[in-house]
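Below: the structure, in structure tokens.
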Amino acid sequence: MDPHTPIRRLFDRAHAGGGSGLVAGAARLFRRGLDFVLPPVCSQCRIPVAEPHSLCASCWADLRLIERPYCERLGIPFGYDLGPGALSAEAIADPPPFDKARAAVLYEGMAAELVHRLKYQDRTELGRLIGRLTARAGTDLFPRAGLIVPVPLHPSRLLTRKFNQSQLIAAELGRQCGLPVDPLALARIKATDRQVGLNPRERAENVAGAFQVPPAAKARVAGMHILLVDDVLTTGATVKAATRALKRGGATGVDVITFARVAAAGTLHI
């Protein structure tokens with residue numbers, strides 16, 4: 144393991160707790176000292192960079208960023224500008240229950256590796272980097288959102304993994320845009336199979352009825368426009384099921400934001 148990682152994790156946990164006055168000043172001094180002893184390195188290739196939780200220029204160039212023009216509803220990139228409010232054929236043929244979906248990058252190469260390391264190699268500090276990158280995609284979603292809600296894991300999955308990657312990303316989004324984050328606003332009440340390897344119909348069936356707004360959270364969700372956070376958007380089955388649960392719980396609207404989206408054959412318009 145990189146010697147930077149465990150020490151910086153300790154700082155990140157302390158930093159995440161916030162604070163002011165002497166506590167904030169001590170955190171800043173500690174950060175300066177840490178940067179002097181262990182200079183920040185690229186989160187991917189580990190060469191020195193100016194800021195922690197960032198990528199070097201070479202690794203940044205390996206990300207395939209999603210930028211306008213794209214489908215106003217689903218965020219699918221277009222090869223050319225179709226004009227304001229243009230919708231993809233997918234959005235017209237099968238309108239989703241959520242209002243808008245945005246993703247920062249395509250799920251390939253570097254992006255896929257970052258997600259894999261976060262979820263399966265205990266690289267929880269990558270939540271800060273991925274959250275910052277994800278925030279780039281949410282500029283049109285933040286102004287109308289009242290609450291950030293991460294897609295939850297089932298308690299049995301959380302016990303195995305020990306953390307929810309979507310919650311780590313959501314926490315950084317909250318820091319970036321100043322919105323409150325509520326990881327208890329939505330619960331996963333059904334222990335679903337992994338979605339990997341399932342076709343779209345099987346994915347939808349797998350997560351049907353999997354989510355619920357707990358009774359204790361309904362007052363916090365009711366009347367809110369929710370920003371739902373996940374790591375990767377594939378067919379959208381998970382976020383659609385989660386959206387329906389949030390709306391049953393009283394949410395007035397739901398937007399979806401993810402770090403990456405899968406470019407399935409025949410759906411990417413670039």
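For the sequence shown, the numbering used here gives the first residue as 144, with consecutive numbering after it.
Backbone N, C-alpha and C define an ideal beta-carbon position, used for all residues, glycine too.
It should be emphasised that the depicted structure is a prediction, and the values quoted were computed from it without experimental measurement.
On the CB-based measure, 16 or more other CB atoms within 10 Å of its CB, does residue i come out buried or exposed?
i	result
residue 264	exposed
residue 159	Residue placement at residue 159 is poorly supported in this model, since its pLDDT is 46, which falls under 50; the coordinates still yield a value, given next. By the 10 Å Cβ count, residue 159 comes out exposed.
residue 360	buried
residue 350	buried
residue 401	buried
residue 307	buried
residue 191	exposed
residue 96	With the chain running from 144 to 413 in the structure shown, residue 96 is simply not present.
residue 259	exposed
residue 382	buried
residue 371	buried
residue 399	buried
residue 344	exposed
residue 380	buried
residue 386	buried
residue 339	exposed
residue 200	exposed
residue 254	buried
Bridge partners of residue i, per DSSP?
i	result
residue 363	DSSP lists no partner for residue 363.
residue 355	330
residue 244	399
residue 419	For the chain, the structure presents residues 144 to 413; residue 419 sits outside this window and is missing.
residue 290	369
residue 191	184
residue 324	291
residue 213	220
residue 389	Its beta-bridge partners do not exist; DSSP assigns none.
residue 208	248
Find the nearest neighbour of residue i within the set the options, judged by alpha-carbon distance.
i	options	result
residue 279	254, 351, 381, 319	319
residue 271	237, 303, 314	314
residue 292	352, 185, 198, 368	368
residue 406	236, 194, 200, 248	248
residue 140	393, 256, 212, 371	The displayed coordinates of the chain run from 144 to 413. Any statement about residue 140 would go beyond what the structure contains.
residue 198	210, 184, 211	184
residue 357	390, 380, 345	390
residue 213	230, 202, 370, 290	230
residue 274	309, 362, 348	309
residue 276	317, 302, 295, 301	317
residue 188	342, 218, 269	269
residue 224	303, 261, 211, 341	211
residue 342	378, 209, 220	378
residue 252	217, 232, 202	202
residue 326	266, 267, 290, 233	290
residue 261	338, 196, 218	196
residue 373	232, 348, 250	250
residue 238	182, 337, 218	218
residue 305	294, 336, 337, 267	267
residue 294	194, 388, 182, 181	388
If residue i and residue j are in contact, beta carbons under 8 Å, what's the gap, nearest whole angstrom?
i	j	result
residue 393	residue 365	3 Å
residue 328	residue 363	6 Å
residue 404	residue 246	4 Å
residue 331	residue 302	Not really, about 12 Å apart at Cβ, beyond 8 Å.
residue 334	residue 384	Not a contact, Cβ separation roughly 14 Å.
residue 220	residue 235	Going by Cβ atoms, the distance from residue 220 to residue 235 rounds to 16 Å, so no, they are not a contact pair.
residue 215	residue 228	5 Å
residue 288	residue 322	6 Å
Open item on the list: Closer than 8 Å is the cut-off here; do at least three beta carbon pairs connect the stretch 275-292 with the stretch 238-256?
Closed with: yes
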